[in-house]
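These notes concern the structure reproduced below.
2 protein chains.
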Amino acid sequence: MNEKQFIEVSKSLTNRTRLKILEWLKEPDENFPPHPTLGHFDFGVCGTFIQKKTEMSQSTISTYLNSMEKCELLISTRKGKWTYFKRNEKIIKDYIEYLK
Amino acid sequence: MNEKQFIEVSKSLTNRTRLKILEWLKEPDENFPPHPTLGHFDFGVCGTFIQKKTEMSQSTISTYLNSMEKCELLISTRKGKWTYFKRNEKIIKDYIEYLK
DNA sequence: CAAACATATTGATAGTTTTCGATTTGTCAA
DNA sequence: TTGACAAATCGAAAACTATCAATATGTTTG
């Protein structure tokens, strides 16, 4: 991880809602209903589910999720019309290493 | 560490100059001249030294140092007319724990 | 006490982030 | 191929952050 990426990750961590999303994605099965079609969380949770839980607007959460993906805190996978998001544990580790 | 403090620490970590200050304070003797009166870095480094090294204005660095102290990333000690700043290793550990 | 130096505060401007509603684009399934 | 749903983008207003020069406040020392 370089300084630029570290700063972008730090920016993601300055907002309550984005932190909540990261927490929820740690335990998808405890925080979200089972997915109707997929039946598992191997790719994470789809954007709509996350947005519903935040009670913020669709555009705001889309912006959040995309910025978190851009700095690599999240990994996204498109499956048909849904986009799934999951935590990128590696980047969190790298961030901690850099901070140390 | 609670969410509020975590967010404030994250904010401190979103700026290149503040990151540099944290790095420099990790090895004061390698990054700053020996202090004329004190002769050691047990309380950290005085504000003027830090400001000189950044090449930013005194008021900006004063604001930075104070905000970093407020969120407890730094510990400050006033000795006469100087204020010394050092890293608060405990808060950095707590921050990492929270993030995990 | 006054001069000199360190630090904090103030007030201002420029830039960035937050957040939304509206619109657009992508994808599926009837 | 159209209707419905998911996601991304756009444009705008409000809030917040960065940064400075100028000024004020503390503190030491001659």
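Going down the list, the protein sequences come from chains S and Y.
For the first sequence, position 39 (counting from the first letter as 1) is numbered 1127 according to the numbering used here, and the numbering increases by one without interruption.
For the second sequence, position 99 (counting from the first letter as 1) is numbered 1187 according to the numbering used here, and the numbering increases by one without interruption.
Even glycine gets a Cβ: it sits at the ideal position worked out from N, Cα and C.
Apart from the five residues just before and just after aspartate 1117(Y), which ones in its own chain have a Cβ nearer than 8 Å to its Cβ? On the second sequence, residue 1117(Y) is found 29 positions in, with the first residue counted as 1. Cβ within range, chain order: Phe1129.
Any beta carbon of chain S sitting closer than 8 Å to that of threonine 1084(Y)? Nothing in the structure corresponds to residue 1084(Y), since chain Y is present only between 1089 and 1188.
For the alpha helix (DSSP H) containing lysine 1181(S), list its first residue and its last residue. What you label residue 1181(S) is simply residue 93 of the first sequence in a count that begins at 1. 1177-1187 is the span of the alpha helix (DSSP H), which, as asked, contains lysine 1181(S).
CB contact check: threonine 1102(S) to chain Y, cutoff 8 Å: Position 14 of the first sequence holds residue 1102(S). So, interface residue.
DSSP three-state call for lysine 1169(S): helix, strand or coil? Here residue 1169(S) refers to the residue found at position 81 when the first sequence is read from its first residue. Lysine 1169(S): coil per DSSP, three-state reduction.
Starting from the Cα of threonine 1151(S), find the closest Cα among Ile1109(S), Pro1124(S), Gly1132(S) and give me that residue. Position 63 of the first sequence, counting from 1, holds the residue named residue 1151(S). Per the Cα distances, Ile1109(S).
Taking the straight line between their C-alpha atoms, what separation do you get for glutamine 1146(S) and cysteine 1134(Y)? For the purposes of this step, residue 1146(S) is identified with residue 58 of the first sequence, where counting begins at 1. For the purposes of this step, residue 1134(Y) is identified with residue 46 of the second sequence, where counting begins at 1. Their Cα atoms are separated by approximately 48 Å.
Residue range of the alpha helix (DSSP H) that includes asparagine 1154(S): The residue you call residue 1154(S) lines up with position 66 of the first sequence. 1146-1158 is the span of the alpha helix (DSSP H), which, as asked, contains asparagine 1154(S).
Could you tell me which residues DSSP pairs with serine 1100(S) in its beta bridges? Residue numbering aside, residue 1100(S) sits at position 12 when the first sequence is read from its first letter. DSSP output for serine 1100(S) lists no bridge partner at all.
Three-state secondary structure (DSSP) at leucine 1161(Y)? The sequence position of residue 1161(Y) within the second sequence is 73, counting from 1. Looking at leucine 1161(Y) - three-state DSSP - the assignment turns out to be coil, as it is neither helix nor strand.
Does the region 1163-1174 of chain S touch the region 1152-1170 of chain Y, meaning 3 or more C-beta pairs lie closer than 8 Å? no
So that I know if they touch, is there some Cβ in chain Y lying closer than 8 Å to that of isoleucine 1180(S)? In the first sequence, counting from the first residue as 1, residue 1180(S) sits at position 92. It does; some Cβ of chain Y falls within 8 Å.
Asparagine 1176(Y) burial status per 10 Å Cβ neighbour count (16 or more: buried): Indexing the second sequence from 1 puts residue 1176(Y) at position 88. By the 10 Å Cβ count, asparagine 1176(Y) comes out buried.
Checking the sheet assignment: what are the DSSP bridge partners for lysine 1092(S)? By 1-based counting over the first sequence, the position of residue 1092(S) is 4. Paired residues: none, contrary to the question.
For my contact list, leucine 1187(S) and isoleucine 1095(Y) are in at a C-beta cut-off of 8 Å; report their separation, rounded to the angstrom. Translated into the one-based positions of the first sequence, residue 1187(S) becomes position 99. Translated into the one-based positions of the second sequence, residue 1095(Y) becomes position 7. With a Cβ gap of about 16 Å, leucine 1187(S) and isoleucine 1095(Y) do not count as contacting.
Using the C-alpha atoms, what's the distance from asparagine 1090(Y) back to lysine 1099(Y)? One-based indexing of the second sequence puts residue 1099(Y) at position 11. One-based indexing of the second sequence puts residue 1090(Y) at position 2. Cα-Cα distance, rounded: 14 Å.
Have a look at methionine 1156(Y) and proline 1124(S) and give me their C-alpha separation to the nearest angstrom. As a position in the second sequence, residue 1156(Y) is number 68, starting the count at 1. As a position in the first sequence, residue 1124(S) is number 36, starting the count at 1. Using only the alpha carbons, I get a separation of about 47 Å.
Less than 8 Å between CB atoms is the rule here; does isoleucine 1184(S) satisfy it with respect to chain Y? Within the first sequence, residue 1184(S) is the residue found at index 96, counting from 1. Output row for isoleucine 1184(S): interface = yes.
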